[in-house]
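Take any residue in the sequence shown, note its place counting from 1, add 156, and you have its number in this note's numbering. For glycine and all other residues, C-beta sits at the position ideal for the given N, C-alpha and C. It should be emphasised that the depicted structure is a prediction, and the values quoted were computed from it without experimental measurement. Read through the structure below, which is laid out as structure tokens, and then see the notes.
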Amino acid sequence: MQVLKEEVRQNILSSAKKLFYEKGYANATIRDIAKLSGITVGNVYRYFKSKENVLEGIVEPVHEKILDILSFSEKLVEEGANKSFTDFRNIINEFIINISKEYRLELLILCTRTRGTKYETIRDDLVSLIENRIHQGLFRKSVLEYKEAGFLSKIAAHAFLDSLLMIISGIDENGELEKMIYILNDFYFNHVELRFEARK
157 MQVLKEEVRQ
167 NILSSAKKLF
177 YEKGYANATI
187 RDIAKLSGIT
197 VGNVYRYFKS
207 KENVLEGIVE
217 PVHEKILDIL
227 SFSEKLVEEG
237 ANKSFTDFRN
247 IINEFIINIS
257 KEYRLELLIL
267 CTRTRGTKYE
277 TIRDDLVSLI
287 ENRIHQGLFR
297 KSVLEYKEAG
307 FLSKIAAHAF
317 LDSLLMIISG
327 IDENGELEKM
337 IYILNDFYFN
347 HVELRFEARK
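Structural data, given as structure tokens:
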């Protein structure tokens with residue numbers, strides 16, 4: 157019986173990661189992965205049962221980290237922890253920066269290339285997390301009516317996540333990436349309450 161080799165498995169994952177990022181999960185095939193890996197299709201199936209199994213091998217580590225931050229955020233709200241929006245923003249900043257440094261392509265694949273898979277809702281989950289914290293932490297003390305605040309929170313959450321993913325996609329130098337993430341946060345969330353003072 158031939159022993160499976162870890163370096164072959166990692167080669168398959170590396171090739172698949174490149175293809176999933178460039179073409180999207182739906183448009184990449186096992187044959188594409190095998191060709192880029194320099195092995196046969198049959199050999200790919202010796203290491204992975206299916207294309208979805210390959211995807212799991214790529215994105216599951218970052219998926220688990222995102223689930224952890226979602227759970228942590230929900231726990232803060234449920235326990236009524238005395239965390240301001242600034243505190244929450246700083247926690248999320250550090251999380252995003254660290255995860256982007258370690259799993260840049262994996263994060264982009266997970267959030268933008270997994271339509272039709274079990275991971276396709278993760279982007280909506282992140283939007284909901286950001287939306288809820290914006291509503292509770294920023295607009296709660298504003299002069300906006302509840303319905304207005306809710307709608308603007310949803311818009312801001314979608315726009316922020318899209319902008320964030322654009323930065324992660326376009327910048328692969330860690331120092332510049334970190335700088336741009338902080339600039340983006342300031343652009344969206346600094347002194348939000350002051351922008352509505354004229355309505356008082």
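A straight-line Cα-Cα distance of about 22 Å links R202 and T273. Closest by C-alpha distance to F343, out of N330, A313, I327, is A313. A distance of 7 Å or more separates the beta carbons of K173 and I222. When DSSP states are grouped into helix, strand and coil, D243 belongs to the helix group. Sorting N246, E163, Y275, Y259 by C-alpha distance to the C-alpha of Y181 places Y275 at the top. Minimum Cα-Cα distance from N209 among the listed residues L169, V164, E287 corresponds to L169. L282 places its beta carbon 7 Å or farther from that of Y177. Residue environment for K205: exposed (fewer than 16 other C-beta atoms within 10 angstroms of its C-beta).
The segment 181-197 makes no contact with the segment 238-258: fewer than 3 CB pairs, one atom from each, lie closer than 8 Å. When DSSP states are grouped into helix, strand and coil, L333 belongs to the helix group. In this structure, N341 sits away from R279, with a CB-CB distance that is not shorter than 7 Å. Setting aside the 5 residues that flank it on each side, I255 is surrounded in the same chain by V218, K221, L263, each with a C-beta closer than 7 Å to its C-beta; the list follows chain order.
Between the beta-carbon of S309 and that of I290 there is about 4 Å, and that keeps the pair under the 8 Å contact cut.
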